[in-house]
Every structure is written in structure tokens, then in C-alpha cells.
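The opening position of the sequence shown corresponds to residue 1 in UniProt numbering, with each subsequent residue numbered one higher.
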Amino acid sequence: MSTDPYIRSSEPLYPDGDIFIILLNSQKSFIAGYQLSSQVCRVASATFAELIDAASTTQDGQKIVRLSDCVDSESDAFRCIFSVLHHRDTEAYRYLPAQDLLQVSKVNSILECDKALAPWISLWFQEVCREITEVSQQKTEKLGMLLSSAIAFKAEEESRKLRDFAVHNLPIDFPEIWRKNQTLRHLLENESFRGLHDDVVKLLTRVFESIHSFDGVLESRNQVYPTDRKLCPQCGRRHPGTAKKCHPCHEVKLCSEVCSKPHRVGEYLRILAIKRLWPPAILRQNDASISCILKRVSRMSLDIPHQCGGGTKCPLLVHINGLPSKV
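Right, dumping it as C-alpha cells:
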């Protein structure tokens, strides 16, 4: 057994391995160590092979690669890379949060195992993208970490896919958010993502123009239908059809409400506001990405707070139900 304390403290990710990777901080203190197969590491990348060739050899014939100036936060990323290369703990690494993935991509820039990790890189990106589409919470920084990871991994094909994904999932003010984040601000100058903000603005503008347009049956049909509601002529409040009085203003002469063209336009704007699609300033909010807007449009057609004698032929319902296909 080796007397080297670093070797004794190393984790045997490959128990029969002939090489030890030792992580040291700037003071040359031990952070972590891993026992690996030199054959696997050589195949993983030419850079890795060069590190092995330059490594010192113990009396037992084992090689030791010492990586200096590491930090504690990098040890998990190194372990992730070494584990998947040696097919160890693969289930534990099938999903990486965006922040962990960014750390792995940065550590990989030392080892340059891009090609060997390619299937894993694709899987990691897919999993985070799936999470982003399923969760409605703020995701601008998480998406930025994904794009930054793609650059560090030199994954050109994944970068192209992520760019298209970003156009549909970034809010219009994402440059301001990235600019405040020291880790992400470099993305604003990266050639691969040049024009990304313009693409987001153009697509959001086009979608909102479709949503806010009255073109079609909402504009062209003038039919008037009865409703089961009453209106107060004094304050404009709506009441059920059985109401006898507007209690807030004591008005007893209530008018029957009808579904007319002007009424439908007003109703449409009211429903848009309920679904957070109006006023146009909603476009500036940090969760107003294309994917979020389309979800709101889809939900709007599932629950339309409007009933009149026109039934499903009411121009308002026809317009709203046809909206998803327009946007």
C-alpha cells in the first residue's frame, strides 16, 4: 500500500486504476483525490493524455497528476466528470442543475473532454431545458448559465439549439439581468448570441400584435345577443339577472346587458387583462417570455368568462378560441 497521504485519501472511482488525480488549492493543501484508469483518461482527451505523460510516478508504478490552484467548489465537478467517464454513479449525474452544469463546463475546460462527454452534455442540456419549460418561475439567469455552459463545452450544435430555445423563453429585459450578473455578462458580447435580444423583441412584438388585434369576427360581426346580466346605469356595475337593485349606489332601475360589438371588444380587453395579456406594458415584465405568453393564451381559451345568447357562435368566443392557432 502506498504511503503517500494523498493517495490514501483518494476516492477509488476505479479501484484497479493506475493513476491518481489530486486536487490542490493555491496553498498546495489537499482538496480531493480520485483513483482512475489512465487508459480511460487518455481516450477521453489529448489534454488528459498530456497530463498523464507529465505526471510523476510512485514506487508502486502508479502515476500522480497534481492539479494546483483548485478551489473546494470544483471538487464535485471533477468527480462528476471522472464518474461518468468511468461509468460510475451515472444515475446520480443524469440531471445537473444549471449552476452545477456551469461549474462542470468550466472544470472541463481544464481537461477538454468535450467529445467524450458529448452524450452527457446533450442529456444535461435537455433535462434543464425540460425543467425550464415546466416551471413558471423566473428563468433568465438559469438560461444564461445554460448558454454559458455550451460555450465552455465548445458544443456548437447545442449552442444553436439553445439559442432557438432562448428566443422562446427569455423575457425582453434579459440583457439587463445578465449585465448585473458577473458570470453571465460575457454572453452579451459573444458572437454566437449576437442579435439574440433583437430576435426576442421581434417575436414578442409579433405575438402581442396578434393577441391585441381585433381583426376577424370580433371586428366584422355586428350581431347583438341577450345576456343573463344587468347593468347599473349610474356606476356601470354588473349584476346577476335576478338583481333588483344596485346596493352600492342604490339604483333600482337596472338595464339588461346585451352582447354587442363594442361590448365584445371591451370584454376581450377585460379578459386579456385577467389573463395578464393586457395592457401592452405587460411585455416588459420579467416573466413575459414567448413560452409563458403562449401558455396564458392556451389557458384563456379553456376558461372564457363570457356567456350570451350567441352561445359558441358568439364572435368573442370564436375569436378567443381561434387565438392559439394565430399566435
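We put the beta carbon where it would ideally sit given N, CA and C, even for glycine.
Bear in mind that the values here come from a model prediction, so they are computed numbers and not experimental data.
In terms of DSSP beta bridges, what is residue i paired with?
i, result
"G33", "I22"
"C255", "L231"
"E11", "Y34"
"C246", "E251"
"S56", "I64"
"Y225", "C259"
"R238", "L231"
May I have the straight-line CA-CA distance separating residue i from residue j, to the nearest angstrom?
i, j, result
"V201", "A243", "47 Å"
"P315", "K275", "19 Å"
"F174", "E11", "42 Å"
"D215", "L196", "30 Å"
"C308", "H263", "11 Å"
"L188", "R179", "8 Å"
"G241", "K230", "5 Å"
"E127", "H168", "17 Å"
"L13", "R88", "7 Å"
"F125", "L146", "7 Å"
"N321", "K313", "11 Å"
"H319", "S213", "10 Å"
"S70", "S56", "A small correction: the amino acid at residue 70 is Cys; Ser does not occupy that position in the sequence shown. The straight-line gap from Cα to Cα measures roughly 19 Å."
"H239", "L203", "40 Å"
"E251", "K245", "6 Å"
"G311", "G266", "18 Å"
"A289", "A118", "It is worth fixing the name first, because residue 289 is Ser in this sequence and not Ala. Cα to Cα, S289 sits roughly 29 Å from A118."
"D76", "W278", "46 Å"
"H186", "R42", "32 Å"
So, using beta-carbon positions, are residue i and residue j closer together than 8 Å?
i, j, result
"R79", "Y6", "no"
"S38", "D16", "no"
"L317", "Y268", "no"
"L51", "H86", "no"
"residue 329", "L323", "With the chain running from 1 to 327 in the structure shown, residue 329 is simply not present."
"F165", "D114", "no"
"I304", "I271", "yes"
"residue 366", "L102", "Given a span of 1 to 327 for the chain in the structure shown, any question on residue 366 remains unanswerable."
"V258", "T227", "yes"
"V84", "Y95", "no"
"S210", "K326", "yes"
"S45", "L111", "yes"
"S260", "V224", "yes"
I'd like to know whether the C-beta of residue i is nearer than 8 Å to at least one C-beta of chain B.
i, result
"E176", "Absent from the structure: chain B. Only one protein chain is present."
Round the Cβ separation of residue i and residue j to the nearest angstrom and send it over; I've been treating them as touching at under 8 Å.
i, j, result
"T140", "P97", "With 8 Å as the limit, T140 and P97 do not qualify as a contact, their Cβ atoms being about 15 Å apart."
"I22", "I81", "No, I22 and I81 are not in contact; Cβ-Cβ is about 15 Å, not under 8 Å."
"G144", "N181", "7 Å"
"S192", "I151", "7 Å"
"L254", "C235", "That pair is no contact at about 11 Å."
"I31", "D72", "6 Å"
"D4", "T58", "6 Å"
(message) Report the start-end ranges of each beta strand (DSSP E) in the stretch 130-198 that is 3 residues or longer and not cut off at the edges.
(response) DSSP runs (the beta strand (DSSP E)) wholly in the stretch 130-198: none.
(request) Please list the segments of the alpha helix (DSSP H) lying wholly inside the stretch 289-324, counting only runs of 4 or more residues, in order along the chain. (result) Taken in chain order, the whole alpha helix (DSSP H) runs of length 4 or more contained in the stretch 289-324 are 290-302 and 315-321.
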